[in-house]
Amino acid sequence: MNTVIPRPPKVEMDFTDAQLTGFGGWSVLGRMAERLNLPRALSALSVKLRARGASDAETLWSPIASLAAGNGALSDLDALREDRVGQRLPGLGHVLSGRRLGEYLARIDEAQVATLLEVARSLAAQVAPAVVEHKAVVRGYVPVFIDGAAIEVDGKLFEEARRGYDGTRQYWLHGVFIGSLWASGRLHPGGGDVAGGWREQLDSDVAPCLP
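Under the numbering used here, the first residue of the sequence shown is numbered 82, with each subsequent residue one higher.
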């Protein structure tokens, strides 16, 4: 029997006072948000109880930027708070901690969720024409893809999560994509129809984006 002897590479460690971040693409995200007037659109929400500190638009822009970088947990905001360059690139003036942001999101009511949905629809409608034109030229058609993904959860802090077909507590995240553009999303309790609600998403969110 052969013996495997690990041979890790020699790594030299050093320190630098340079201002660095692992998410340089945030600068592109910041310019896109400015061009699409996203901060102004987010200002339509009024969730904060006090006028001091970050505005509603700043508070919401932080998790949006974090999610765009592939960070899906509230605790990722704590890392972003320590990344000064990462904050400047997308134009973040103030970043709440993950706990504070969770408290903020818990105060959003159904009417404010509807406002956020309209913001998302407006953004998709502004971006979609370029995506549609590109796909039509490159492929000769525009692919529209419907996807349902299970999100497993545990603990007591997840409302309306239900047992899925495999017995785990979960939600269903239903998304519709126009090419690579995520044009629609809905979060449903698990245990229901895997494809439930897709027609409403196509009619309400996706159809207005297509010629």
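Ideal Cβ positions, reconstructed from N, Cα and C, are used throughout, including at glycine.
At least three beta-carbon pairs within less than 8 Å, the stretch 268-275 to the stretch 243-256: yes
Residue(s) in a DSSP beta bridge with Leu254: Ala230, Leu268
Phe104, buried or exposed, once every other Cβ within 10 Å from all chains shown has been counted against 16: buried
Assigned exposure category for Ser143 - 16 Cβ within 10 Å defines buried: buried
Simplified DSSP state of Arg131, which is helix, strand or coil: coil
Opening and closing residue of the alpha helix (DSSP H) in which His215 lies: 191-220
Per-residue DSSP class, three states only, for Leu291: coil
Member of Ala209, Arg88, Arg121, Val234 whose CA lies at the smallest distance from the CA of Asp137: Arg121
C-alpha gap between Asp164 and Leu101, whole angstroms: 8 Å
The alpha helix (DSSP H) enclosing Val223, as first and last residue numbers: Note, Val223: premise wrong, no alpha helix (DSSP H); not H, not E.
Beta-bridge partners of Trp263, as assigned by DSSP: Phe258
Three-way DSSP call (helix, strand, coil) for Arg116 in this model: helix
Cα-Cα separation between Gly229 and Lys91, rounded to whole angstroms: 45 Å
Assigned exposure category for Thr140 - 16 Cβ within 10 Å defines buried: buried
Endpoints, the alpha helix (DSSP H) within which Ile295 is located: This structure gives no information on residue 295, because the portion of the chain shown stretches from 82 to 292.
Contacting residues, own chain, Cβ-Cβ under 8 Å from Ala209 (five flanking each side not counted): Ile259, Leu262, Ala264, Cys290, Leu291
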